[in-house]
Amino acid sequence: MLTLPILMYHSVAADVDERYRTWSVTPERFSEHMQALAKNGYAVLGVSTALERLDAGTPLPDKTAILTFDDGLKDFLENAFPVLDRHGFEATLYVVAGLIAGHSKWLTPLGEGGRAMLQADEIRHLHTKGIEIGAHSLSHPEMDILDSAACERELRDSRSILEEITGGKVKAFAYPHGYASAATRRLTRDAGFSSAVRVRHALSHTSENRFGLSRLIVTQDYDQAGLISLLEGKGIPTAPPQDRIAGTCWRLVRRIRNRLTPPLASDGPYQPAGGPI
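As numbered in the working numbering, residues 1240 to 1516 make up the sequence shown, in order.
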């Protein structure tokens, strides 16, 4: 069984609200992380590249790191991409397609509702430079508590918008907030995606459900040694269960909360339905 360390980043920026600190790293820290990967001989790939190599029977290098970035914030282009480009690293960028050229309204509870999103031409440029563009829904809702029609729309339309922008096939999806149920995973597969990632601070492995791949949460607290230790899986679980009783109960609580709480206003055509990541 081959483990697959999939690193998860969000914002790469110096000035963020303290409530959002868990989901951000400074440009200096990010540069240190990439230097650590380079000097330790890691092959750095995007999600679909790694999975397609495995499917083709091509072994991955012993030291492989898979890089992912959620949301499609403009600071990816400003602060992360130049570093990736300098090292020749691949990555997968999951974009909230309904908020392109808008702002991260779903982050309002964390003080970051005004953070700028990438524009269409910027996304196209990143695609031409080898960054895999994946979908992260239309409006960043908690997809596991949506009805089937709404969930299908978030999946189908986000993929369609991004494929129109890039001119390529969008294969990868990231669940907003990391929330997904068995039904959500099935709908994601049926929408034409090849993989989907969740948020479960854990290593993935080659036999894990392709529509519920685990990721490692990278924070500002990791120095270079800490990042390498994380990639080596020291003290980190591997591919925890997709569905747990606690998760099912929490889904019920969120479903009730969602019915009682009006959604936040959105820059895009749809309304986001939740809180942080």
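Every residue, glycine too, gets a C-beta built ideally from N, C-alpha and C.
Item to check | Cβ-based neighbour list, Gln1459, same chain, cut-off 6 Å, excluding 5 preceding and 5 following | outcome: Taking the first residue of the sequence shown as position 1, residue 1459 is located at position 220. Cβ neighbours of Gln1459 beyond the five flanking positions: Val1264 and Arg1268.
Next on the checklist: Comparing C-alpha positions only, which one of Trp1262, Gly1311 and Leu1452 sits nearest to Gly1373?
Outcome noted: Mapped onto the sequence shown, residue 1373 falls at position 134. It is Gly1311.
Checklist entry - If you pair each beta-carbon of the segment 1335–1342 with each one of the segment 1278–1294, do three or more pairs fall below 8 Å? => result no
Next on the checklist: Between Pro1266 and chain D, is any beta-carbon pair separated by less than 8 Å?
Outcome noted: Annotation note: the requested chain D is absent from the structure, which comprises a single protein chain.
Checklist entry - Which residues share a DSSP beta bridge with His1342? => result By one-based count along the sequence shown, residue 1342 stands at place 103. According to DSSP, His1342 bridges with Ala1355.
Next on the checklist: Any contact between the segment 1315–1330 and the segment 1443–1457? By contact I mean 3 or more CB pairs, one from each, below 8 Å.
Outcome noted: no
Checklist entry - Which one of Lys1278, Ile1305, Asp1396 and Asp1386 has the shortest CA to CA distance from Ala1464? => result Along the sequence shown, read from residue 1 onward, the residue named residue 1464 stands at position 225. Answer by Cα proximity: Lys1278.
Item to check | Backbone secondary structure at His1249 - three-state DSSP | outcome: For the purposes of this step, residue 1249 is taken as residue 10 along the sequence shown, with counting starting at 1. Reduced to three states, the DSSP call for His1249 is coil.
Item to check | Glu1371 versus Gly1472, Phe1412, Gly1350 and Val1255, residue with shortest Cα-Cα distance | outcome: Taking the sequence shown and counting its residues from 1, one reaches residue 1371 at position 132. Residue Phe1412 is the option with its Cα nearest to Glu1371.
Next on the checklist: Is it buried or exposed, Ala1253, if we count other Cβ atoms within 10 angstroms and call 16 or more buried?
Outcome noted: Sequence index remark: in the sequence shown, residue 1253 carries index 14 (1-based). With fewer than 16 other Cβ atoms within 10 Å, it is exposed.
Next on the checklist: Pop quiz: Leu1306 and Leu1299 are said to be a contact at Cβ under 8 Å. What is the actual Cβ separation, rounded to whole angstroms?
Outcome noted: On the sequence shown, position 67 is the one that residue 1306 refers to. On the sequence shown, position 60 is the one that residue 1299 refers to. With 8 Å as the limit, Leu1306 and Leu1299 do not qualify as a contact, their Cβ atoms being about 14 Å apart.
Item to check | Bridge-paired residues (DSSP) for His1444 | outcome: By one-based count along the sequence shown, residue 1444 stands at place 205. The partner list for His1444 (beta bridge, DSSP) reads Thr1242.
Item to check | Beta-carbon separation (whole angstroms), Met1356 vs Ser1343, contact threshold 8 Å | outcome: Sequence index remark: in the sequence shown, residue 1356 carries index 117 (1-based). Sequence index remark: in the sequence shown, residue 1343 carries index 104 (1-based). With a Cβ gap of about 6 Å, Met1356 and Ser1343 count as contacting.
Next on the checklist: Can you look up Thr1458 in the DSSP assignment and give me helix, strand or coil?
Outcome noted: Within the sequence shown, residue 1458 is the residue found at index 219, counting from 1. Three-state DSSP puts Thr1458 in coil, outside helix and strand.
Item to check | 6 Å CB neighbourhood of Gly1417 in its chain, flanking five on each side removed | outcome: Here residue 1417 refers to the residue found at position 178 when the sequence shown is read from its first residue. For Gly1417, where only same-chain residues beyond five positions count, the Cβ hits under 6 Å are Arg1437 and Val1438.
Checklist entry - Residues bridged to Ile1372 by DSSP? => result Here residue 1372 is taken as the residue at index 133 of the sequence shown, counted from 1. For Ile1372, which the question treats as bridged, DSSP gives the partners Leu1332.
Checklist entry - So Val1517 packs on Asp1309, CB below 8 Å; how close in whole Å? => result This structure leaves residue 1517 out entirely; the chain is present only between 1240 and 1516.
Checklist entry - In the structure shown, what three-state DSSP assignment does Ile1475 receive? => result The residue given as residue 1475 occupies position 236 in the sequence shown. Ile1475: coil per DSSP, three-state reduction.
Checklist entry - Roughly how many whole angstroms lie between the Cα atoms of Thr1427 and Phe1450? => result The count along the sequence shown starts at 1 and reaches residue 1427 at position 188. The count along the sequence shown starts at 1 and reaches residue 1450 at position 211. Whole-angstrom Cα-Cα distance: 7 Å.
Checklist entry - Alpha carbon to alpha carbon, how far is Phe1320 from His1366? => result Counting from one through the sequence shown, the residue named residue 1320 turns up at place 81. Counting from one through the sequence shown, the residue named residue 1366 turns up at place 127. Cα to Cα, Phe1320 sits roughly 11 Å from His1366.
Checklist entry - At what residues does the alpha helix (DSSP H) containing Thr1265 begin and finish? => result The residue you call residue 1265 lines up with position 26 of the sequence shown. Per DSSP, Thr1265 belongs to no alpha helix (DSSP H) and is neither H nor E.
Item to check | Contact under 8 Å by Cβ, His1379 with Leu1243 | outcome: Within the sequence shown, residue 1379 is the residue found at index 140, counting from 1. Within the sequence shown, residue 1243 is the residue found at index 4, counting from 1. No, Cβ-Cβ distance for His1379 and Leu1243 is not below 8 Å.
Checklist entry - Considering only residues of the same chain and omitting the five flanking positions on each side of Ser1433, which have a CB-CB separation below 6 Å? => result Numbered from its first residue, the sequence shown carries residue 1433 at position 194. Lys1410, listed in sequence order.
Next on the checklist: What does the alpha-carbon distance come out to for the pair Val1492 and Arg1258?
Outcome noted: Position 253 of the sequence shown, counting from 1, holds the residue named residue 1492. Position 19 of the sequence shown, counting from 1, holds the residue named residue 1258. Any reading at Val1492 must be qualified, since the residue scores a pLDDT of 49, below 50, and its modelled position is unreliable; the value itself is stated next. Taking the straight line joining both Cα atoms gives about 23 Å.
Next on the checklist: What would DSSP say about Leu1394, mapped onto helix, strand or coil?
Outcome noted: Residue 1394 sits at position 155 when you count from the first residue of the sequence shown. Leu1394 falls in the helix class under three-state DSSP.
Item to check | Residue burial classification, Arg1425 (beta-carbon count within 10 angstroms, cutoff 16) | outcome: The residue given as residue 1425 occupies position 186 in the sequence shown. Burial call: exposed.
Checklist entry - Are the beta-carbon atoms belonging to Leu1442 and Ala1304 less than 8 Å from one another? => result Here residue 1442 refers to the residue found at position 203 of the sequence shown. Here residue 1304 refers to the residue found at position 65 of the sequence shown. For Leu1442 and Ala1304, no; Cβs fall outside 8 Å.
Checklist entry - If you compare alpha carbons, which of Pro1480, Leu1401 and Ser1420 is closest to Glu1447? => result On the sequence shown, residue 1447 is found 208 positions in, with the first residue counted as 1. Among Pro1480, Leu1401 and Ser1420, the Cα nearest to that of Glu1447 belongs to Pro1480.
Checklist entry - Who are Phe1269's beta bridge partners in DSSP? => result Numbered from its first residue, the sequence shown carries residue 1269 at position 30. According to DSSP, which records beta bridges pairwise, Phe1269 is partnered with nothing at all.
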